[in-house]
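Undergrad:
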Amino acid sequence: MAEYKHVALIGLGLIAGSIGLAMRRAGMTARISGYARSAATRARALERGLVDECFESAAEAVVGADLVILCVPVGVMGALAAEIAPHLASGATVSDVGSVKAEVMEAIAPHLPDNVHFVPAHPLAGTEHSGPDSGFASLFDNRWCLMTPDEGSDPEAVQRLIDYWRALGARVDTMDAAHHDLVVAVTSHAPHLIAYTMVGVADDLKRVTESEVINYSAGGFRDFTRIASSDPTMWRDVFLHNKAATLEILGRFTEELFALQRAIRTGDGDMLHDYFTRTRAIRRGIIDAGQDSAAPDFGRVKP
Ligand code: NAP
1 MAEYKHVALI
11 GLGLIAGSIG
21 LAMRRAGMTA
31 RISGYARSAA
41 TRARALERGL
51 VDECFESAAE
61 AVVGADLVIL
71 CVPVGVMGAL
81 AAEIAPHLAS
91 GATVSDVGSV
101 KAEVMEAIAP
111 HLPDNVHFVP
121 AHPLAGTEHS
131 GPDSGFASLF
141 DNRWCLMTPD
151 EGSDPEAVQR
161 LIDYWRALGA
171 RVDTMDAAHH
181 DLVVAVTSHA
191 PHLIAYTMVG
201 VADDLKRVTE
211 SEVINYSAGG
221 FRDFTRIASS
231 DPTMWRDVFL
241 HNKAATLEIL
251 GRFTEELFAL
261 QRAIRTGDGD
271 MLHDYFTRTR
281 AIRRGIIDAG
291 QDSAAPDFGR
301 VKP
């Protein structure tokens with residue numbers, strides 16, 4: 001399948017920066033044009049070599065591109081799609097990396113002309129950092145990139161984008177958008193909300209115990225604070241646009257929490273032990289699938 005000749009990255013933060021660097025690493029010869037809202041981000045993206053050239057408008061950045069990837073927060077995808085639509089080259093593929101699929105597709109698709117292909121995607125890879133300094137070439141290595149084409153999507157355009165993501169290091173799977181949104185509500189969105197909540201609780205407690213929560217924070221809490229430091233704009237938009245699936249999972253979470261609470265109150269050690277045995281097996285499954293390291297502290301380097 002032919003490589004793209006000109007890729008336009010709209011938004012130049014963690015994901016777009018990692019795409020640009022992974023393209024270079026893969027030896028792709030495509031020209032990379034980019035757009036970011038702020039002059040500071042555009043300057044940094046050029047300094048780091050994330051893109052070959054940067055434009056002050058998304059419309060200018062997409063001219064002549066055969067692949068356009070929207071890498072902005074979920075809540076602004078629709079407005080940017082509307083802006084670039086009249087400037088897209090005939091036959092181009094438009095994709096995105098949004099963490100939510102159904103609503104993002106509804107926001108983008110109506111703006112696109114008939115002569116372009118729309119192939120939505122979501123790389124399941126990220127860190128708690130954001131902005132043009134945070135991207136790195138190996139971000140997608142061995143991580144899944146989920147594609148959510150609809151029945152109308154051109155199979156060749158889909159395959160070409162699958163090949164592209166594989167060259168960036170990712171494993172690729174396809175599924176429908178609603179299923180995607182439920183899966184990520186379980187694996188990513190609800191866990192982030194729980195981390196935000198737990199850190200909020202500790203913050204309240206800190207007022208009682210002064211700095212103890214920070215000084216004595218153990219591994220579990222530290223991991224929550226890492227997750228809860230993720231970009232506020234990105235995560236606000238994720239929850240506002242994956243409302244139904246997130247609320248469904250949080251409802252189930254609350255039921256489980258009550259069951260565990262009851263087991264603690266009634267001294268039901270067997271229930272707790274069985275539960276924790278089951279969850280430990282899930283962790284082993286993730287390691288066996290190559291999606292995390294078994295090293296203590298998740299393999300992170302000590303500060
Ligand atoms: P990021 O590092 O915060 O970068 C976002 C980029 O979008 C920046 O270049 C920013 O420009 C631009 N932007 C923000 N608001 C904008 C607006 N209103 N109009 C125009 N441009 C705007 O974000 P990211 O982590 O790369 O995330 C990008 C997308 O990838 C999101 O849809 C997110 O859901 C998805 N995603 C994220 C992760 C993750 O873990 N971070 C993983 C998978 C998918 P300025 O710098 O000039 O403000």
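Numbered per our numbering, the sequence shown spans residues 1 to 303.
Don't be surprised by glycine CBs; every beta carbon is placed ideally from N, CA and C.
Predicted model, so just to flag it, every value in this text is computed and none were measured.
Tell me whether His6 sits in a helix, a strand or coil according to DSSP, three-state version.
TA: The answer is strand: DSSP assigns His6 an E or B state.
Undergrad: Please tell me whether Gly135 and Ser18 are closer than 8 angstroms, where the distance is taken between their beta carbons.
TA: Result yes, Cβ atoms of Gly135 and Ser18 sit closer than 8 angstroms.
Undergrad: Between which two residues does the alpha helix (DSSP H) carrying Ala82 extend?
TA: Where Ala82 is concerned, the enclosing alpha helix (DSSP H) stretches over Met77 to Ile84.
Undergrad: Taking 8 angstroms as the limit between beta carbons, can you name the residues of its chain near Phe253, skipping five residues before and five after?
TA: Cβ neighbours of Phe253 beyond the five flanking positions: Ala190 and Ile194.
Undergrad: Should His273 be counted as a contact of ligand 3 given a C-beta to heavy atom distance under 7 angstroms?
TA: As presented, the structure is devoid of ligand 3, carrying ligand 1 as its sole ligands.
Undergrad: Check the C-beta distance from Ala177 over to Ala102 and give it rounded, since I have them as a contact under 8 angstroms.
TA: Yes, Ala177 and Ala102 are in contact; Cβ-Cβ is about 4 angstroms, under 8 angstroms.
Undergrad: Please classify Phe276: is it buried, with 16 or more other beta-carbons within 10 angstroms of its beta-carbon, or exposed?
TA: The residue is exposed, with fewer than 16 neighbouring Cβ atoms inside 10 Å.
Undergrad: Closer than 8 angstroms is the cut-off here; do at least three beta carbon pairs connect the segment 213 to 231 with the segment 162 to 169?
TA: The segment 213 to 231, when compared against the segment 162 to 169, does not touch it at the 8 angstroms Cβ threshold.
Undergrad: Quick check: the segment 33 to 45 against the segment 93 to 102, are there 3 or more CB pairs under 8 angstroms?
TA: Segments in contact, no.
Undergrad: If we ignore side chains and look at the alpha-carbon of each, how far apart do Ser217 and Val72 end up?
TA: One C-alpha to the other measures close to 33 angstroms.
Undergrad: Would you kindly work out how many angstroms separate the C-alpha atoms of Ala121 and Thr148, rounded to a whole number?
TA: Distance between the alpha carbons of Ala121 and Thr148 is about 6 angstroms.
Undergrad: Are the Cβ atoms of Ala82 and Ala65 separated by less than 8 angstroms?
TA: No; because the gap between Cβ atoms is not below 8 angstroms, this pair is not in contact.
Undergrad: So the candidates are Gly269, Leu247, Val68 and Val100; which of them puts its Cα closest to the Cα of Phe118?
TA: Per the Cα distances, Val68.
Undergrad: Over what stretch of residues does the alpha helix (DSSP H) that includes Leu21 continue unbroken?
TA: Per DSSP, Leu21 belongs to the alpha helix (DSSP H) from Leu14 to Arg25.
Undergrad: First and last residue of the beta strand (DSSP E) that includes Val63?
TA: That residue, Val63, is in no beta strand (DSSP E); it is neither H nor E in DSSP.
Undergrad: Taking only the alpha-carbon atoms, compute the straight-line gap between Thr187 and Leu12 and give it to the nearest angstrom.
TA: Cα-Cα distance, rounded: 25 angstroms.
Undergrad: Could you tell me the boundaries of the beta strand (DSSP E) in which Gly173 lies?
TA: The question names Gly, yet the displayed sequence has Asp at residue 173. Residues Arg171 to Thr174.
Undergrad: Return helix, strand or coil for Gly200, following the three-state DSSP convention.
TA: It is helical.
Undergrad: Does DSSP put Val94 in a helix, a strand or coil?
TA: Reduced to three states, the DSSP call for Val94 is strand.
Undergrad: For my contact list, Leu14 and His129 are in at a C-beta cut-off of 8 angstroms; report their separation, rounded to the angstrom.
TA: Leu14 to His129, Cβ: 6 angstroms. Contact.
Undergrad: Whose C-alpha, out of Glu3, Ala22 and Arg44, is nearest the C-alpha of Phe140?
TA: The shortest C-alpha separation from Phe140 is found at Ala22.
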